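Residues in the sequence shown are numbered consecutively from 6, following this note's numbering.
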Amino acid sequence: MTTSPGTQQIRTVCSYCGVGCGIVLDVATGPDGRRRVVKASGDKEHPANRGRLCTKGATTADMLAAPGRLTTALVRDDRGAEPVPAPVDAAVRETARRLREIVDEHGPDAVAFYVSGQLSLEAQYLANKLAKGFVRTNQIESNSRLCMASAGAGYKLSLGADGPPGSYDDLDEADVFLVIGSNMADCHPILFLRLMDRVKAGAKLIVVDPRRTATAAKADLFLQIRPGTDLALLNGLLHLLHENGHTDEGFIARHTEGWEAMPAFLADYTPAAVAGITGLAEEDIRRAARLIGESKEWTSCWTMGLNQSTHGTWNTNALVNLHLATGAICRPGSGPFSLTGQPNAMGGREMGYMGPGLPGQRSVLVEEERAFVEELWGLQPGTVRADGVGRGTVEMFQKMADGDIKACWIMCTNPVASVANRKTVIEGLEAAEFVVAQDVFAETETNAYADVVLPGALWAEAEGVLVNSERGLTLARPALDPPGEAMADWRLIAAVAREMGYAEGFSYDSAEEVFEEIKRAWNPKTGWDLRGVTYDRLRTGPVQWPAAREDGPSRNPIRYVDGGLTFPTPSGRAVFHARPHMPPAELPDDDFPFLLNTGRVQHQWHTLTKTGKVEKLNKLNPGPFVEMHPEDAAALGISDGDRVEVASRRGRAVLPAVVTDRVRPGCCFAPFHWNDLFGEYLSVNAVTNDALDPVSFQPEFKVCAVALAKVAEP
Ligand code: SF4
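Okay, structure coming up:
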């Protein structure tokens, strides 16, 4: 597209959150011949945002122009030395040599990969191919383990496959929304605007959150729940739906299994009992159940509040139970909808970039699925291993700290800042013999621990596919050349792989060629299907999977309905799971009497590696804080702006106080964005708990016991 002489418009996708808004970049060529993005606006034709953008997407031009990009590799000879610039080809050779050496000396399990939902689909695929198919290690994890692992595990248990059964279109047709454990207004703002369009037209909004967020402020019914008690509430709602005769017996009989055990299980979850556990009023619980039960169509949206829990998988199961019981699933306006935090976290889950995963939502634990990818990758039978599968991100860094993993390649993520109880990550990286980090800006908390830093390209500098929360594929298209020697992540992975001696599996000329190979991983069992998608087709607009045919529709909003509703479980039926209430791993006691909740603010994203470079966003959300209730602040002699130590059994942070009744008495909240680069003791992940969900291995970021105390000015 061209608008005025010298200005070109590139249609691409926002690289921040999983809403996946279409974005149009205006690119001008200056008198020096350099191309610059001068404006970012919403793509009116993109189905995710229809022209809207939030502050983060709208300031894309500022982020792209920010200083501090890596234009070469950085290497250092020993850990005490300052890193020095090095040519990328030399750094690639060094990376390959050290990884090869460590594999030869200690075996493949000594090498780990830690990847990200910010990589393109092609890069995620190649990282997993290199790890599981060629290095032959199953030590590959991603930052989705911190984010969506519980939703993924829960979907598989309840519905038979990962990913939402519905789509954003449901937001336009629901009569009732249950937003639980999600501050959509701040974290998925464009989707929340869409939901609010429907609320303004008469739909009802129920919000469940321990904190009165910007989302809660718009609710018809706000349930300010005690932290970590969602399972009790979800079971209590199902108890009432059953009692009120609002279950859909026909749907249950035709499309589900496991219901027969539910009434007896639910008997304990009376409104009085649930009110006692959750701290909610009985009448509010009854009202929520009535709103859901009397609705024609209802949709639930959730994110970290349910996922980042020691029973996150069960939370998903209990929420899906409500949809199955009311038959409110796989029809327009109804369904459980997990929102993803990163632009391609959904794609990563499809590429199997955590634990035992293989492309196409397959697993190394299934013999025929190993055989499938061995054929796809041109490998001898038995190459892909079923053993040595890890138990998540926290365990991976613990193994590094213990000396079992000797090398780690970190791609496009910042675990030193983002992992719960981050000292395990720091100890792991310090103990590892060789650490490679791959990122776009030179200064991150994690790059500081790397022996080699490889310069990646931003999504606006390279072609690649991103898959958003609703299974929509958008082609990211280059508006600019990468600076200096920076290059697309998939190119860096392929270059190292070729240097390691795997040229036969990694000689691609383009991202499109990688994408064509990815499509061959089509999985009829789960319905993951990109066969009808091509780069040429994506150049005309996004396509939502399952997409079997090139001449098929570009929107495929409801899964599992082809030829009659059939879920990809052995029986073809969705499964009810009786999931009893469990308390969080840590509860308040005399030494740590408060509960800390962590999350995000509206104008920053993740660990500030990108939004932290944008002046306009830093003005809107300038720094960290800890919110505490006025009663607690008064008891501790703390006023607004005082420096407060937030201490747990694991570590401490020192943050300015915000005294507010947004949080419940006995509770506090701190955003996790700010870290070491912005000052000492700003990392709230020095404090958080790395206790894990035993199914999804996701840490319990959302609840831990802390002590609060005023500290003197320095
Ligand atoms: Fe980007 Fe998410 Fe904002 Fe959309 S809602 S513009 S994808 S950050």
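Ideal Cβ placement from N, Cα and C applies to all residues, glycine included.
Computed from a predicted model, the values in this text were never measured in an experiment.
| Between the CA atoms of ASP407 and GLY387 - distance to the nearest angstrom | 29 Å
| field | Residue environment, GLN443, which counts as buried when at least 16 other CB atoms sit within 10 Å | value | buried
| request: Assign ILE498 to one of three DSSP states: helix, strand, or coil. | output: helix
| Would GLU555 pass as a contact of THR539 if the rule is Cβ separation under 8 Å? | yes
| field | C-beta contact flag for VAL689 and THR603 at 8 Å | value | Cβ distance < 8 Å, so VAL689 and THR603 count as in contact.
| request: Compare the Cα-Cα distances from GLN229 to each of PHE630, ALA499, THR308, VAL184 and report the closest residue. | output: VAL184
| Beta-bridge pairing of LYS209 - partner residues as DSSP gives them | VAL181
| request: Taking ARG654 and LYS428 to be in contact with their CB atoms under 8 Å, please state how far apart those CB atoms are, rounded to whole angstroms. | output: That pair is no contact at about 12 Å.
| query | Can ILE195 be considered in contact with the ligand SF4, in the sense that its beta carbon sits closer than 7 Å to one or more heavy atoms? | reply | At least one heavy atom of the ligand SF4 lies less than 7 Å from the C-beta of ILE195.
| Say the cut is 7 Å; is the CB of GLY510 nearer than that to a heavy atom of the ligand SF4? | Result no, Cβ not under 7 Å from the ligand SF4.
| Are SER163 and MET351 closer than 8 Å when you measure CB to CB? | no
| said: Within the continuous beta strand (DSSP E) that includes ALA132, where are the two ends? | reply: No beta strand (DSSP E) contains ALA132, which is instead part of the alpha helix (DSSP H) from 126-133.
| query | How do the region 274-287 and the region 302-321 stand: do at least 3 beta-carbon pairs fall below 8 Å, yes or no? | reply | no
| said: Is LYS615 near the ligand SF4 - that is, is its Cβ less than 7 Å away from at least one heavy atom of it? | reply: Proximity of the beta carbon of LYS615 to the ligand SF4 is not indicated: no heavy atom of the ligand is located closer than 7 Å.
| said: Is GLY2 near the ligand SF4 - that is, is its Cβ less than 7 Å away from at least one heavy atom of it? | reply: No answer is possible for residue 2: the residues shown for the chain start at 6 and end at 719.
| task | Express the C-alpha separation of GLY671 and PRO598 in angstroms, rounding to a whole number. | result | Between the alpha carbons of PRO598 and GLY671 lies a gap of roughly 7 Å.
| field | Option in PHE702, GLY38, LEU363, TYR358 with minimal Cα separation from VAL424 | value | PHE702
| message | To test your reading of the DSSP string, which unbroken beta strand (DSSP E) runs of 3 or more residues are found completely within the region 255-281? | response | none
| said: If you follow the alpha helix (DSSP H) that ASN623 is in, where does it begin and where does it stop? | reply: 620-625
| message | Please report the distance separating the alpha-carbon of THR7 from that of GLN13. | response | Any answer about THR7 is weak, because its pLDDT of 46 lies below 50 and its placement is not dependable; what the coordinates show is given next. The straight-line gap from Cα to Cα measures roughly 5 Å.
| Starting from ALA154 and walking both ways along the alpha helix (DSSP H), at which residues does that stretch end? | 154-164
| message | Looking at the ligand PLP, does it come within less than 7 Å of CYS152, judged from the CB to the closest heavy atom? | response | In the structure shown, the ligand PLP is absent; the only ligands present are the ligand SF4.
| Just how far apart, CA to CA, sit ALA267 and PRO588? | Looking at the sequence shown, residue 267 is not Ala but Met. Looking at the two C-alpha atoms, the distance is approximately 21 Å.
| Unbroken beta strand (DSSP E) runs of length 3 or more, entirely within the region 88-125: which are they? | 89-91, 116-120
| task | Measure the beta-carbon distance from VAL421 to GLU450 and round it to whole angstroms, keeping in mind my assumption that it falls under 8 Å. | result | 4 Å
| task | Taking THR318 and SER172 to be in contact with their CB atoms under 8 Å, please state how far apart those CB atoms are, rounded to whole angstroms. | result | Between SER172 and THR318 the Cβ distance is about 23 Å, and since that is not below 8 Å, they are no contact.
| field | MET405 - containing alpha helix (DSSP H), residue span | value | Residues 398-406.
| If ARG536 and ALA516 are in contact, beta carbons under 8 Å, what's the gap, nearest whole angstrom? | With 8 Å as the limit, ARG536 and ALA516 do not qualify as a contact, their Cβ atoms being about 18 Å apart.
| Span separating the alpha-carbon of GLY332 from that of GLY207 | Answer to the nearest angstrom: the Cα atoms are 22 Å apart.
| task | Scan the region 370-436 and note each continuous beta strand (DSSP E) run of 3 residues or more that stays entirely inside, going in chain order. | result | 412-416
| Proximity of LEU485 and THR479 at Cβ, strictly below 8 Å | no
| query | Rounded to whole angstroms, how far is the Cβ of LEU296 from the Cβ of LYS209, which I believe are closer than 8 Å? | reply | Contact holds; Cβ gap of about 5 Å.
| said: I'd like to know if the region 120-128 and the region 515-535 are in contact, where contact means that at least 3 CB-CB pairs between them fall below 8 Å. | reply: yes
| Tell me the DSSP bridge mates of GLU650? | VAL659, ALA714
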